[in-house]
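Here is the structure we will look at, set down as structure tokens.
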Amino acid sequence: MTDQQNNDAAAAADDNTPQFSLQRIYVRDLSFEAPKSPAIFRQQWEPSVALDLNTKQKGLEGDFHEVVLTLSVTVKNGEEVAFIAEVQQAGIFLIKNLDPASMSHTLGAFCPNILFPYAREALDSLVTRGSFPALMLSPVNFDALYAQEMQRMQEAGEAPSLQ
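Note that UniProt numbering numbers the sequence shown so that position 129 is 129, with each residue one more than the last.
What follows is the structure in structure tokens.
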């Protein structure tokens, strides 16, 4: 009887154990525009790169969450737009039994860290297929970006959203 009680207690403890599991990674949206091609290819190449990134989280049924990392790149050669490329890299994650602060950090920093290499590769592939040099984006410190966003929200009196 004692063994059965110990097994039941262990199973109950396991039910409250924090869990994290990546279920799926996929491209949600992908776009590329080269408005000045083919003339842009005959110009001296002196690009300026503007990167915009954004993350969104959405609760799905049960303990599943979708996180979408959007990378938008606008590259100009002089004053002309050479190309615009955007990828929405998404993932579905099973996340259970986390306190609200840990859940917010997981969705806002940890999951985007997982998605970023996939998004970077998708953008590089897209850009090189457009006959431009690869972007070779540097790693992004999502933990620092998350901390900055939490500080901004605290100063504005806003509460972090988990959905």
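Think of the CB as a built atom: it goes at the ideal place given N, C-alpha and C, for glycine as much as any other residue. This structure is a prediction, so every number in the text was calculated from the model and none was measured.
List in chain order: all unbroken beta strand (DSSP E) runs of 3+ residues lying wholly within the stretch 73-160. 80-96
Less than 8 Å between the beta carbons of V75 and A90, yes or no? By 1-based counting over the sequence shown, the position of residue 75 is 75. By 1-based counting over the sequence shown, the position of residue 90 is 90. Taking 8 Å as the cut-off, the beta carbon of V75 is found no closer than this to the beta carbon of A90.
Quick one: what's got a C-beta closer than 7 Å to L98's C-beta in the same chain, skipping five residues either side? The residue you call residue 98 lines up with position 98 of the sequence shown. Counting only Cβ-Cβ distances below 7 Å, and skipping sequence neighbours, we find P18 and T106.
Quick check: what's the CA-CA separation for Q23 versus I92? Against the sequence shown, residue 23 aligns to sequence position 23. Against the sequence shown, residue 92 aligns to sequence position 92. Taking the straight line from one Cα to the other gives about 5 Å.
On a Cα-Cα basis, can you pick out the residue from I40, K96 and S21 that is closest to D15? Position 15 of the sequence shown holds residue 15. Among I40, K96 and S21, the Cα nearest to that of D15 belongs to K96.
What residue range is occupied by the uninterrupted beta strand (DSSP E) comprising T55? Position 55 of the sequence shown, counting from 1, holds the residue named residue 55. It spans P47 to G59 - the beta strand (DSSP E) in which T55 sits, taken as one unbroken run.
Excluding sequence positions up to five away, which residues of its chain have a Cβ less than 6 Å from the Cβ of E86? In the sequence shown, the residue the question calls residue 86 occupies position 86. Only S31 and S72 meet the Cβ criterion.
Cα-Cα separation, Q57 to Q151: Here residue 57 refers to the residue found at position 57 of the sequence shown. Here residue 151 refers to the residue found at position 151 of the sequence shown. If I take the Cα positions, the gap works out to 19 Å.
Can you tell me whether D63 is helix, strand or coil according to DSSP? Here the question's residue 63 lines up with position 63 in the sequence shown. Note: D63 maps to coil in three-state DSSP.
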